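A.B. asks:
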Amino acid sequence: MIRLADNLYSWNTFNEAKGINFNGFLIVCKDTAVIVDPPPHTTDDQLFLEKKLALKPSLAIVTNKDHTRNVQWWVDRYQIPLAMHENESIDSGVEVSMKLKDGEVVAGKCKILSLPGKTPGEIGILFEDDGGTLILGDALIGDPLGGLRFVPKEKIKDYDQLLKSVQSLRTINFERLLTGDGEPLLYRAKATVLKFLDGLS
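Listed below in structure tokens is the structure:
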């Protein structure tokens, strides 16, 4: 696992077909942790969590139905609930035991942001420690390096709604942007987001 900021870690796997990284995130909240959009991990990642950080996750979150990835392993390993937005549905057989709402705060520090468009229940997560970090699933992709884009248009259920959702990011303060696909923006990320949004009009 890679430390990105205070109480925030990441790991990834490279998707050859798409040519980008699939990213998972670990958010440390006091004496527990939240797992977000977990791709396959290594034994070293697991040992880092259990031995170095001495933590056990209490919750797994997927930002949309396409990001279940390796979440079942985490749910089974640690016997934790899986959370997803109340407007999202999964047809992969993974059981969702917790439905999230816009504005809800989970694990004391993770604010849920409803960002429908790519799918009806797409969410972001705002983690305010250390200057603020915004975690997105597929609302935006961290590609090319240092930039942003949308997923291919044919994968977007409601493009107009997605445009409205991402414009709402103007009102949120954050230093870093972490995306489920692509590369992170670790410094002055909001300026990059605003530049992208300005280019849409």
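In this text, residue positions in the sequence shown follow the working numbering: the first is 1, and each later residue adds one. Cβ atoms here follow ideal geometry from the backbone N, Cα and C, with glycine treated the same way. Treat the numbers as computed from the prediction; the structure is a model and nothing was measured.
Have a look at residue 21 and residue 178 and give me their C-alpha separation to the nearest angstrom.
C.D. replies: 12 angstroms
A.B. asks: So for residue 151, helix, strand or coil by DSSP?
C.D. replies: coil
A.B. asks: Quick one: what does DSSP say residue 176 is sitting in, helix, strand or coil?
C.D. replies: strand
A.B. asks: Just reading off the beta strand (DSSP E) that residue 13 is part of, what are its end residues?
C.D. replies: 8 to 15
A.B. asks: According to DSSP, residue 64 sits in a beta bridge with which residue or residues?
C.D. replies: For residue 64, which the question treats as bridged, DSSP gives no partner whatsoever.
A.B. asks: Measuring CB to CB, does residue 8 end up less than 7 angstroms from residue 133?
C.D. replies: yes
A.B. asks: If you run the structure through DSSP and keep just helix, strand and coil, what is residue 171?
C.D. replies: helix
A.B. asks: Short check: CB of residue 2 to CB of residue 127, under 7 angstroms?
C.D. replies: no
A.B. asks: Which of the three DSSP states is assigned to residue 5 in this structure?
C.D. replies: strand
A.B. asks: Where do the N-terminal and C-terminal ends of the beta strand (DSSP E) with residue 96 fall, by residue?
C.D. replies: Neither: residue 96 is in no beta strand (DSSP E) and is coded neither H nor E.
A.B. asks: Express the C-alpha separation of residue 195 and residue 68 in angstroms, rounding to a whole number.
C.D. replies: 30 angstroms
A.B. asks: Using alpha carbons as the reference points, say which of 91, 156 and 62 lies closest to residue 100.
C.D. replies: 62
A.B. asks: Could you check if residue 38 is buried or exposed, using at least 16 other CB atoms within 10 Å of its CB as the buried criterion?
C.D. replies: Residue 38 counts as buried, since at least 16 other C-beta atoms from the protein chains shown sit within 10 angstroms of its C-beta.
A.B. asks: If you drop the 5 nearest sequence neighbours on each side, which residues of the same chain put their C-beta closer than 6 angstroms to that of residue 125?
C.D. replies: 110 and 135
A.B. asks: Give the DSSP-derived three-state secondary structure of residue 163 in the structure shown.
C.D. replies: helix
A.B. asks: Report buried or exposed for residue 47, applying the criterion of at least 16 other Cβ atoms within 10 angstroms of its Cβ.
C.D. replies: exposed
A.B. asks: Name the one or two DSSP bridge partners that residue 181 has.
C.D. replies: 22
A.B. asks: What residues in its chain sit with their C-beta under 7 angstroms from that of residue 66, if we drop five residues either side in the sequence?
C.D. replies: 138
A.B. asks: Let me confirm a value: residue 36 is counted as buried when at least 16 other C-beta atoms fall within 10 Å, else exposed. Which label applies?
C.D. replies: buried
A.B. asks: How long is the line joining the alpha carbons of residue 81 and residue 106, rounded to whole angstroms?
C.D. replies: 12 angstroms
A.B. asks: Looking at the structure shown, is residue 133 part of a helix, part of a strand, or coil, going by DSSP?
C.D. replies: strand
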